[in-house]
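Notes follow once the structure below has been shown.
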Amino acid sequence: MSKDWPLWEVFIRSKNGLSHKHAGSLHAADAEMAIENARDVYTRRNEGVSIWVVESRHITASNPEEAESLFDPAKDKVYRHPTFYDLPDEVTHI
Amino acid sequence: MNLEQQFQARIDQEIKVEPRDWMPEEYRQMNIRQIAQHAHSEIVGMLPEGNWITRAPSLRRKVALLAKVQDEGGHGLYLYSAAETLGISREELIDQLHEGKAKYSSIFNYPALTWADIGAIGWLVDGAAIMNQVSLTRTSYGPYARAMVRICKEESFHQRQGYEILLTLCRGTQEQKAMAQDSLNRWWWPALMMFGPNDDQSTHTEKSMNWKLKRKKNDELRQQFVDVTVPQAEYLGITVPDPDLKWNEERGHYDFGEINWDEFWQVVKGNGPCNKKRMNDRIKAHEEGAWVREAAMAYAEKRQQRKLQQAS
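Written out as structure tokens, the structure reads:
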């Protein structure tokens, strides 16, 4: 078995009002250490006001090979966008 | 189109490759090799500079150098993480370095003898690294490109602090200026070697360029570095140690002398002034830190157990 500490994914909120965004990953023995290490490596220049960490093995990702069947159907549904609908210019605030 | 052709087509369209996407095994291996070599360079690069932290001439210089060396550690971590997304573990990466199977930039096998060397390292070594890294922000592998963006943002302070050190020395006493000149004499050629062999001697260049692992060739980056650095040396009032260095009006570039490739290959093969010391220091730090890593894991497990017991 590998002697490496578990791998964690780090998410940083850069300022209040914005959502946490993936910043990178790191190894740590537990969640508390993961937060401390994330603070040291990912927020040395005021990049964040809040940190989330989650152990990488808990993340379930979609399969890239299924990307077409998952995401392509959205492409032909232009009626989901406001520009699909023809309205005369005289009509305002809509 | 077969899988490999489809892969090349996506690369040609500038679509980034992400960790779980299909990729040719050779692309994976070349990426691991390049990213790991880059990561090891960051970590080994902490050694020649770390040596000067306690001897920095003022508190201002000391906090800056400390922050720079800490950054290098962080950069190593970003890069190791990027390599790990390709299916190699941190432990394997570190073992490869310590067993001499993986390389790191040869420049770190030269000693930092004087305080001026800390200036020259920031100005020339980080300057050359930035040249390479800026082009790599557009590399085809997503995690590597993202690490490069972060690293480039942080590196520019490194180069400026180095230049400022030399500027201060060059405006100081005769002895201080001589010290600056001496550091340029010793670091100039090794800095040019950082870009690697000439393109016609470089084994991986063509494949690397097709897969957009590298975005610029060694000689192009080296020329770019010489062109921006020579005027900076002139401003300092010190002389680049190359009698063949001359502005070429026609080319719009500086011509420069032949690099001593024998020296380059000697250092790559392990015979540089500090190769053995660097490796011994790395291995010593890793081995002497083993108990800390084990204790932290044991403590984390114990706390987890206790939490479970309390919950039941």
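As you go down the protein sequences, you meet chains A and B in turn. Numbering (the numbering used here) for the first sequence: 38 to 131. Numbering (the numbering used here) for the second sequence: 23 to 334. Note that beta-carbon positions come from the ideal geometry of N, C-alpha and C, so glycine has one too. Everything numeric in this text was worked out from a predicted model, so none of it was measured.
Any C-beta of chain B under 9 Å from that of residue i
i      : result
N83/A  : no
S62/A  : yes
L107/A : no
E102/A : yes
K40/A  : yes
L44/A  : yes
V128/A : no
V78/A  : yes
D123/A : no
D113/A : no
R50/A  : no
Nonlocal neighbours in the same chain, by C-beta distance under 6 Å from residue i, ignoring five residues either side
i      : result
H275/B : Q245, D249
Y185/B : W145
S63/B  : Y126, S127
F247/B : A150, M153
H97/B  : E64, I173
I129/B : V147, P212, M216
D277/B : K268, N270
V290/B : S128
A255/B : V262
M70/A  : none
T136/B : M201
Short CB-CB distance (under 9 Å) between residue i and chain A
i      : result
M23/B  : no
L99/B  : yes
A169/B : yes
G96/B  : yes
D93/B  : yes
E309/B : no
R325/B : yes
M319/B : yes
D43/B  : yes
A58/B  : no
R300/B : no
A86/B  : no
E40/B  : yes
S230/B : no
S162/B : no
A61/B  : no
S111/B : yes
S103/B : yes
E316/B : yes
Near the ligand NAD: residue i beta-carbon under 8 Å from a heavy atom
i     : result
M70/A : Because no ligand of any kind appears in the structure shown, any question about the ligand NAD cannot be addressed here.
Check whether residue i and residue j have beta carbons under 9 Å apart
i      : j      : result
R300/B : N131/B : yes
E47/B  : I65/B  : no
A169/B : Y100/B : yes
R160/B : R50/B  : no
V91/B  : G72/B  : yes
A86/B  : Q183/B : yes
I72/A  : I96/A  : no
G85/A  : S51/A  : yes
Y163/B : L235/B : yes
K40/A  : E113/B : yes
P133/B : P70/B  : yes
H226/B : M52/B  : yes
I54/B  : A105/B : yes
Q59/B  : A124/B : yes
R83/B  : I187/B : yes
L115/B : A61/B  : yes
N240/B : G218/B : yes
Sequence-distant residues of the same chain with beta carbon closer than 8 Å to residue i, five excluded per side
i      : result
G19/B  : What the structure shows of chain B is the stretch from 23 to 334, and residue 19/B is not part of that stretch, so it cannot be assessed.
S103/B : P165, A169
S99/A  : L107
Proximal residues to residue i (C-beta, below 7 Å), its chain only, five neighbours per side dropped
i      : result
L191/B : A138, G141, Q198, K199, M201, A202
L124/A : I131
L88/B  : I75
W42/A  : H64, A65, A66
N282/B : W211
N45/B  : Looking at the sequence provided, one finds Met at residue 45/B rather than Asn. These residues qualify, in order along the chain: F29, V39.
S157/B : R237, K238, L243
F121/A : V115
N74/A  : L63, A65
M68/B  : V91, E94, G95
Next on the checklist: Does the stretch 227-236 of chain B come into contact with the stretch 195-214 of chain B, if we say contact requires no fewer than three beta-carbon pairs (one atom in each stretch) closer than 8 Å?
Outcome noted: Flag = no, the stretch 227-236 of chain B and the stretch 195-214 of chain B do not touch.
Item to check | Length at least 4, wholly inside the stretch 142-174 of chain B: the alpha helix (DSSP H) runs in chain order | outcome: Here the runs fully enclosed are 148-158.
Next on the checklist: Under 8 Å, with one C-beta from each stretch per pair, do the stretch 61-80 of chain A and the stretch 106-121 of chain A reach the 3-pair mark?
Outcome noted: No, because fewer than three Cβ pairs between the stretch 61-80 of chain A and the stretch 106-121 of chain A fall closer than 8 Å, the two stretches do not touch.
Next on the checklist: At 3 residues or longer, what runs of the beta strand (DSSP E) sit wholly inside the stretch 236-303 of chain B?
Outcome noted: 268-270, 275-277, all fully within the stretch 236-303 of chain B.
Checklist entry - How do the stretch 42-51 of chain A and the stretch 72-88 of chain A stand: do at least 3 beta-carbon pairs fall below 8 Å, yes or no? => result Contact between the stretch 42-51 of chain A and the stretch 72-88 of chain A is present, because at least three Cβ pairs lie under 8 Å.
Checklist entry - For the stretch 66-120 of chain A, which segments carrying the beta strand (DSSP E) assignment without a break, of at least 3 residues, lie completely within its bounds, in sequence order? => result If we require 3 residues or more, the beta strand (DSSP E) runs fully inside the stretch 66-120 of chain A come out as 87-92.
Item to check | Runs of alpha helix (DSSP H) lying entirely within the stretch 183-229 of chain B, each at least 4 residues, in chain order | outcome: Secondary structure remark: continuous alpha helix (DSSP H) runs of at least 4 residues inside the stretch 183-229 of chain B, in chain order: 196-215.
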